[in-house]
Each structure stands twice: as C-alpha cells, then as structure tokens.
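Visitor: Handing you this structure, nothing more for now.
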Amino acid sequence: MFAKYIPKPGRREYITFLLLFIEIIVFGLLAPHFLSERNIVRVIQNSAEIAIVSIGMTIVMLLGGIDLSVGSIMGVIAIVAGNMIQRGINTFFVLIVSVLIGILLGLINGLLVAKFNIPDMIVTLATMNIWRAVIFMLLGGRWLTGLSSDYAMITKAKIFGIPVLLLVIFLFYAIFYYILMYRPFGRHIYAVGNNIQAANLNGINIQKIKIASYCLTGGIVAISAMLYIARMGSVEMTIGNDMAISCIAAVTIGGIGMKGSGKRGSVVGTLAGVMFIAFLRNGIVILGIPSLLENCFIGSLIILSVIFDKISIEKRRLKQ
Amino acid sequence: MLLIIEVMILSLLSPYFLNLNNLIEITQFGAILILLAMGESIVMLSGGEGIDLSVGSMLSLSGVIFGLVIQAKYSMEVAIIITIIAGGILGSINAFFIAIMKMPPLIATLGTQYVFGSLALYLTNGIPISGFPKSFEFLSLESTFGIPNQILFIVIPISIVILILMYKTKFGREVYLLGTNPIAAKYGAINEKKVRFIVYIIPGLLAALGAIISNSWLMTARADAGSGLELQAITVACLGGIAVEGGRGNLGAVIISVLIITMMNSGLQIANVNSIWQLAVLGFVLLIAVSFNHIISNILSKPQKI
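Protein chains in written order, with the numbering used here: chain A, 1 to 320; chain B, 1001 to 1306.
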C-alpha cells in the first residue's frame, strides 16, 4: 500500500543514508558509548529543532533560494512564546500565536523576495540581522528562564520505548515528504526550482509559490521554537545562532543545494543529512577531538557533498 | 545608481560632514571595510551569482597567521609577506572551488567561511595573540601629514591599483563582460576559468591586508576579528550600486558608500547605540539600497524593452 511512496533505488538520498550508517559504525567501533541508547536518544533530542527547521530550508532551497534568517526568526518567536508561557496562557493558544508570527515573519521575507525581486540571500541576510537586534531588544541581555510548561514532557516521554520527539520528527517529515512529492504545491516548488521559465509558461504563479514557501518555512520555524522551549526551559541571547548554517549543511549533504543543476532531492535526504551532522557533532565530542574544529568538519562536508553531486551529475550527462 | 551617489553627496553636504578634518579622522575606521568591500564588489561584478561570504573569516585566519608568525620571532616584514601569501592561498581555495569545480559561490564560500573561521579559532585556542612590537603601532595608530597611516600607505595605493586594474586594463573589462553576459564573454574568447580564478583571489589578498591593519589597530590577533564583516562588505557593495546579478556598478561609488556607512556607524557609536543595532540598521540600509537599485534599473531599462 505504501510501496509507491518509498523513494526509488538509485536516488541520491540512499547515498546519504549509506554515509550515515558508515559513520555510525565507525564511531560505534571507535567509542563504545556512542551506540548506547542514552547517547542516541540525546543526539535525537539535541537535533530536534534543526531537523524541523531543515524541512523549511529544504523547501526554500528546492526553490533555488536560501533562508539565512531562520535562526533569528526562531529566537524572536521563542521569546514571544516564552513570555506567554510565563503568564500561564494556554499552550495550544501559544502554539497558534507562534505559528502565526512565524508565518508573518516568513511573509516579510517572501514579499521582499518575490514582489521586490531582491535576491533571497540579501533579503534574509538583512532580516537575520534585524531580527537578531529585535531579540537583543526583547531580552536586553537577560535570559528568559523557568519556562516549565505542560508540554515539556514531549521531549522525555516514550511510547513503546520510542521517544515521542522522534515520532514527532518522523511525522513532520512524512507529511512534508507527501506534500512535496505528491501534492500540486510540492510539485510546483520543484518546477519553479528546476526551470523557472518553463514553470511560468505552464501557468504556475511563481510569486505565489515563493511567498507561500517562505511563509511555510516561518510556520515550521515557529514549531521548532516551541520544541526549543520544551527542551531547554529557557531562552538566551544566542538562540539559533548556528541554525541557518546547520540546516544548509544538512540540506546540502542530503543532496539538494546545487543552483542551476536541477533539484532532485527530497526531505528524506535532508533527514539523513540532519542525522549525519548530529552524530558527527556527537562523535567529535565523544572521541575528544577539539570542538573548535567542529565547524571546520561541517564546512568541509558541505563542500565535499556539493563536489560529489557535481561529479555524479556530470557522469550522468556523459552517459546520455 | 546615479541617484544613490546624489543622496550620498547630499549627506556629505550637511554641515557636520563638511568638516574635512573630521572626514579624514573618520576614514581610518573604514580602512578595513574599504579593502573588503572592493574585493566583494569585484566578485559580485563578475556575475554568476558571485558572492564571497568568507571575507570575514579570511581576515580572521590571515590575521591569526600573522600573529603566529610574529610569535615565532620572525621579523615584521616576513610576517607581512607570509600573511599576504596566506590570504592569496585562502582566496585561491575559494577560486579553485568556484572557477575550476564550478560550485555555486554561495555554497562554496559558506563552507569555506566555516572552515577558515574554525581554523582561526583552533590555531589560537580562542585566546587572542598579543605582544606585537611597539613599532607595529605605526601602521594604524599614527598619522603622517594629518592623514592616518593605514589610509595613506595601504588604502589609497591599493585603491588606485584596484581601480586601474578594473578600469584601465583588459582584465577589468573582461570581469565586467563576464558579469553582463557570460555567453558573449565565451564567444569573445575570454578564458572564463582564468578570469574567475583571479577574481576570487583578490578578496583573499585584500582580506590579508585588512588583517594586518586590524592587528595593528587592536595590537592583538583575534580569531573573531572578521566576524560580521562579510555582511558589512556586501551591504556596502550593494549601497554603492553594484548589481547583485553582476556586470553593473562602479568601484568609486563603493568607496564613497564605505565612507557613508563608516560615518553612520561612528554616529551611532557617539549616540551610544549598541553595536547589535548597528547590524540591524545595516540590514535595513541593505534592503532599502537593493530595492532602490532595482527600481532604478527597472525605470532605466523600460524604454529599451519597447
């Protein structure tokens, strides 16, 4: 019944999964603690927000764009939501307000990109810094602490021994895999990303797709902000500082990200990419490699995976 | 773009800015930014979605290399030469990925930004390197004929060299042509690989020079010396009318816009505004400048379309 929804063999996603398994085996052999249940659960917990935000980044990058402002948007939402939780407002209401703020902030990015035709990188670079300053203004150098809410148990609870958080992540990926691969909206995103002129001639409203994608990304970021509050119970100034680069790295390693060479990846690859980076960060710490070099590994990985894609695309072209 | 220059001149005409001494004083704060912005502008002019996000971390890393060489008891001249060579190597790493491997500049320089930045941190262990000889202050903290030394001895000569390179040589015309129409450039027998390679080395060299100024300014080599500078460099380039699509824009306007940004920053600093707000203001200015450029170019290009 679900067989048709499974990615076909030979797709780029499997390579990332293969890399993930190799990585897990290598780290598992080198460090015995690495494969303990506690460590794996912790890795998943720590990467939950990145996993969720990466879905949004995947959508934007499939369009041929980029969103550097996700970290700052997440921070702004987390602060607003945190304040509301402190006042004892109903969690469900807080969630809805957060998602609405996320969509609004995404809308600003989307309008600037689609209506004013400013390059996406410039827009999100600018909004990143503007929202970062807003975070500073809202927090004023203090921390927002003591945010214990009734849904905080989501990060620790288990159903049949599987962490609920993992199920939430899988649920989101399943939904967006379905939307991107089998719904008109998702297919339009691929069409715009692959050949914007052809998409235009086929009657796809490019502006609408672009704005909707940025709004969607904002909404997704809002959900990850809620997860962040649940996990940390506090909000500090540096919230989301590394979010954009981690997501871009995950998406690129997952097989999307080459501008102008066809967007063929899917969120499945992104999930593998997220897990790959999460286990890499964890493994580096466990093996005692200086953590200052962490970003060096991730930067190199981004470059290596793009080169890999480049070579494999050229090979395919030669075959044809 | 002409209008932007006009706006700049208008703001220059306001009484506070007319004071020449004040203007010269302020330029020293913009010395590093001018160098980085020129590198960034050339990259953006060359088109192909050209951008260099790694200028800041190239500055940090070459600054750290400078510090390490000094720490190893080599003379100042050796350190300066090694730093500039290091900058060139860092730039050519970018150039290799972008010109030879044909990676998208955004992804390639995002990757190298993280690699260079974390290498700088690793090499210093996060601790700033200090203990430069007193004579090193000469470069940034003293002035000759009332002009700050770093402006007189580095920024002005380098600016002239870059302007000559871009506007009086074949290479400069090739960069512009590559930016306006890469296909025409190909048929015009321009070696795209070679031109692009050189284009991406230039920001590395300029970042190394910037690192030397920054080290002399702070008298320490910090691993975070360049963080955030890439945003400033891109903003300044856009503000100076460099089109993000490449091919259009003038380096002279970029230099003027550096002065504008520097004045704005020092104004904000005098008004005791937190530095994080400076970044936000920069963000706003960037958005306004780019949409302005866009509107202007739309108006200019409309009659041709009919």
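Every residue, glycine too, gets a C-beta built ideally from N, C-alpha and C.
Provide the residue span of the alpha helix (DSSP H) that contains Trp131 of chain A, from first to last.
Guide: Looking up residue 131 of chain A in the first sequence gives position 131. Element bounds for Trp131 of chain A: Asp120 to Leu139.
Visitor: Taking C-alpha atoms, which residue in B:Met1101, B:Gly1228, B:Ile1202 and B:Ser1227 lies nearest to Val1161 of chain B?
Guide: Taking the first residue of the second sequence as 1, we reach residue 1161 of chain B at position 161. Comparing Cα positions, the closest option is B:Ile1202.
Visitor: Pairing CB atoms from the stretch 307-316 of chain A with CB atoms from the stretch 194-214 of chain A, are three or more of them under 8 Å?
Guide: Contact between the stretch 307-316 of chain A and the stretch 194-214 of chain A is absent, because fewer than three Cβ pairs lie under 8 Å.
Visitor: Pop quiz: Leu1251 of chain B and Ser1041 of chain B are said to be a contact at Cβ under 8 Å. What is the actual Cβ separation, rounded to whole angstroms?
Guide: Within the second sequence, the letter at position 251 stands for residue 1251 of chain B. Within the second sequence, the letter at position 41 stands for residue 1041 of chain B. The Cβ separation is near 6 Å, so the contact holds.
Visitor: Is it a yes or a no for the stretch 157-176 of chain A touching the stretch 48-65 of chain A, going by three-plus beta-carbon pairs under 8 Å?
Guide: Result yes; three or more Cβ-Cβ pairs closer than 8 Å.
Visitor: Whole-angstrom Cβ separation of Gly140 of chain A and Gly233 of chain A, contact assumed at under 8 Å?
Guide: For the purposes of this step, residue 140 of chain A is taken as the residue at position 140 of the first sequence. For the purposes of this step, residue 233 of chain A is taken as the residue at position 233 of the first sequence. Incorrect: roughly 20 Å between the Cβ atoms, too far for contact.
Visitor: What residue range is occupied by the uninterrupted alpha helix (DSSP H) comprising Met1076 of chain B?
Guide: Working through the second sequence from its first residue, we reach residue 1076 of chain B at position 76. Where Met1076 of chain B is concerned, the enclosing alpha helix (DSSP H) stretches over Met1076 to Ala1095.
Visitor: When you compare each of A:Val251, A:Ile298 and A:Gly288 to Lys13 of chain A by their alpha carbons, which one comes out closest?
Guide: Position 13 of the first sequence, counted from the first residue, corresponds to residue 13 of chain A. Going by the sequence as given, residue 13 of chain A is Glu instead of Lys. Nearest C-alpha to Glu13 of chain A: A:Val251.
Visitor: Can you tell me whether Glu314 of chain A is buried or exposed, with buried defined as 16 or more other CB within 10 angstroms of its CB?
Guide: Along the first sequence, read from residue 1 onward, the residue named residue 314 of chain A stands at position 314. Its Cβ having fewer than 16 others within 10 Å, Glu314 of chain A is exposed.
Visitor: Would you please verify whether the beta carbon of Ala1043 of chain B is less than 9 Å from any beta carbon of chain A?
Guide: What you label residue 1043 of chain B is simply residue 43 of the second sequence in a count that begins at 1. One detail in the question is off: residue 1043 of chain B reads as Val in this sequence, not Ala. Chain A contact via Cβ: absent.
Visitor: With three or more beta-carbon pairs closer than 8 Å as the criterion, would you say the stretch 290-309 of chain A touches the stretch 1114-1128 of chain B?
Guide: Enough Cβ pairs lie closer than 8 Å, so yes.
Visitor: Taking the C-alpha atoms as reference points, what is the distance between Met1044 of chain B and Ile196 of chain A?
Guide: If you number the second sequence from 1, residue 1044 of chain B lands on position 44. If you number the first sequence from 1, residue 196 of chain A lands on position 196. Spanning the two alpha carbons is a distance of roughly 23 Å.
Visitor: Between the C-alpha atoms of Trp131 of chain A and Leu1206 of chain B, what's the straight-line distance to the nearest angstrom?
Guide: Working through the first sequence from its first residue, we reach residue 131 of chain A at position 131. Working through the second sequence from its first residue, we reach residue 1206 of chain B at position 206. Computed Cα separation, rounded: 30 Å.
Visitor: For the stretch 1135-1219 of chain B, which segments carrying the beta strand (DSSP E) assignment without a break, of at least 3 residues, lie completely within its bounds, in sequence order?
Guide: Listed in chain order, there is nothing to give.
Visitor: Between Ile79 of chain A and Ser98 of chain A, how many whole angstroms is the CB-CB distance? I'm expecting something under 8 Å.
Guide: In the first sequence, counting from the first residue as 1, residue 79 of chain A sits at position 79. In the first sequence, counting from the first residue as 1, residue 98 of chain A sits at position 98. Rounded, the Cβ-Cβ distance is 10 Å, inconsistent with contact.
Visitor: Mark Asn1094 of chain B as exposed unless 16 or more other C-beta atoms lie within 10 angstroms of its C-beta, in which case mark it buried.
Guide: Position 94 of the second sequence, counting from 1, holds the residue named residue 1094 of chain B. When all chains shown are included, Asn1094 of chain B counts as buried.
Visitor: Since Gly64 of chain A and Gly193 of chain A should fall inside the 8 Å C-beta cutoff, what is the C-beta to C-beta distance between them, to a whole number of angstroms?
Guide: Taking the first residue of the first sequence as position 1, residue 64 of chain A is located at position 64. Taking the first residue of the first sequence as position 1, residue 193 of chain A is located at position 193. Contact flag correct, Cβ pair sits at about 5 Å.
Visitor: Contact criterion: CB-CB distance below 9 Å. Does Phe21 of chain A meet it with respect to chain B?
Guide: Your numbering for residue 21 of chain A matches position 21 in the first sequence. So, not an interface residue.
Visitor: Is there a C-beta anywhere in chain B that falls below 9 Å from the one on Gly260 of chain A?
Guide: Mapped onto the first sequence, residue 260 of chain A falls at position 260. Any reading at Gly260 of chain A must be qualified, since the residue scores a pLDDT of 48, below 50, and its modelled position is unreliable; no value is offered.
Visitor: Rounded to a whole number of angstroms, what is the C-alpha to C-alpha distance between Ala81 of chain A and Tyr1167 of chain B?
Guide: As a working mapping, residue 81 of chain A is identified with position 81 in the first sequence. As a working mapping, residue 1167 of chain B is identified with position 167 in the second sequence. So the alpha carbons of these two residues sit roughly 54 Å apart.
Visitor: Taking the Cβ atom as the reference point for each residue, do Val267 of chain A and Tyr190 of chain A lie within a distance shorter than 9 Å?
Guide: As a working mapping, residue 267 of chain A is identified with position 267 in the first sequence. As a working mapping, residue 190 of chain A is identified with position 190 in the first sequence. No, these two residues do not count as a Cβ contact at 9 Å.
Visitor: Can you give me the C-alpha to C-alpha distance between Ile24 of chain A and Ala278 of chain A, rounded to a whole angstrom?
Guide: By 1-based counting over the first sequence, the position of residue 24 of chain A is 24. By 1-based counting over the first sequence, the position of residue 278 of chain A is 278. Roughly 11 Å separates the two Cα atoms.
Visitor: Anyone know if the C-beta pair for Gly1226 of chain B and Ser1092 of chain B falls short of 9 Å?
Guide: The residue labelled residue 1226 of chain B in the question sits at position 226 within the second sequence. The residue labelled residue 1092 of chain B in the question sits at position 92 within the second sequence. Taking 9 Å as the Cβ cut-off, Gly1226 of chain B and Ser1092 of chain B do not qualify as a contacting pair.
Visitor: Kindly indicate if chain A contains any beta-carbon less than 9 Å away from that of Tyr1187 of chain B.
Guide: If you number the second sequence from 1, residue 1187 of chain B lands on position 187. For Tyr1187 of chain B, the answer is no, since every Cβ of chain A falls outside 9 Å of its Cβ.
Visitor: Would Thr127 of chain A pass as a contact of Leu112 of chain A if the rule is Cβ separation under 9 Å?
Guide: As a position in the first sequence, residue 127 of chain A is number 127, starting the count at 1. As a position in the first sequence, residue 112 of chain A is number 112, starting the count at 1. It is a contact, given that the beta carbons lie within the stated cut-off.
Visitor: What's the gap between the Cα of Ala1221 of chain B and the Cα of Lys1186 of chain B?
Guide: Within the second sequence, residue 1221 of chain B is the residue found at index 221, counting from 1. Within the second sequence, residue 1186 of chain B is the residue found at index 186, counting from 1. About 43 Å.
Visitor: How about Gly1240 of chain B: is its C-beta nearer than 9 Å to some C-beta of chain A?
Guide: Reading the second sequence from its first residue, position 240 is the one you call residue 1240 of chain B. So no, Gly1240 of chain B is outside the interface.
Visitor: Starting from the beta carbon of Val338 of chain A, find every residue of chain B whose beta carbon is closer than 8 Å, and list them in chain order.
Guide: Since the first residue shown for chain A is 1 and the last is 320, residue 338 of chain A is missing from the structure and cannot be characterised.
Visitor: Taking Cβ positions, are Ala244 of chain A and Gly71 of chain A nearer each other than 9 Å?
Guide: The residue labelled residue 244 of chain A in the question sits at position 244 within the first sequence. The residue labelled residue 71 of chain A in the question sits at position 71 within the first sequence. Closer than 9 Å, so yes.
Visitor: Residues in its own chain within less than 8 Å of Phe1145 of chain B by CB, not counting five upstream and five downstream?
Guide: Here residue 1145 of chain B is taken as the residue at index 145 of the second sequence, counted from 1. Taken in chain order, the residues that qualify are Leu1152.
Visitor: Under the rule that 16 or more other beta-carbon atoms within 10 Å means buried, what is Leu1239 of chain B, buried or exposed?
Guide: The residue you call residue 1239 of chain B lines up with position 239 of the second sequence. Buried, because 16 or more other Cβ atoms sit within 10 Å of the Cβ of Leu1239 of chain B.
Visitor: So, under 8 Å CB-CB, Leu20 of chain A and Met275 of chain A are touching, yes? Tell me the CB distance rounded to an integer number of Å.
Guide: On the first sequence, residue 20 of chain A is found 20 positions in, with the first residue counted as 1. On the first sequence, residue 275 of chain A is found 275 positions in, with the first residue counted as 1. Leu20 of chain A to Met275 of chain A, Cβ: 6 Å. Contact.
Visitor: Determine, using beta carbons only, whether Thr1083 of chain B comes closer than 9 Å to chain A.
Guide: Numbered from 1 along the second sequence, position 83 holds the residue referred to as residue 1083 of chain B. With 9 Å as the cut-off, Thr1083 of chain B does not count as an interface residue toward chain A.
Visitor: Is there a C-beta anywhere in chain B that falls below 9 Å from the one on Leu63 of chain A?
Guide: Mapped onto the first sequence, residue 63 of chain A falls at position 63. Not an interface residue.
Visitor: Buried or exposed, going by whether 16 or more other CB atoms sit within 10 Å of the CB of Leu18 of chain A?
Guide: On the first sequence, position 18 is the one that residue 18 of chain A refers to. Leu18 of chain A comes out exposed.
Visitor: Mind checking if Ser1062 of chain B is an interface residue toward chain A, Cβ cutoff 9 Å exclusive?
Guide: Here the question's residue 1062 of chain B lines up with position 62 in the second sequence. Not an interface residue.
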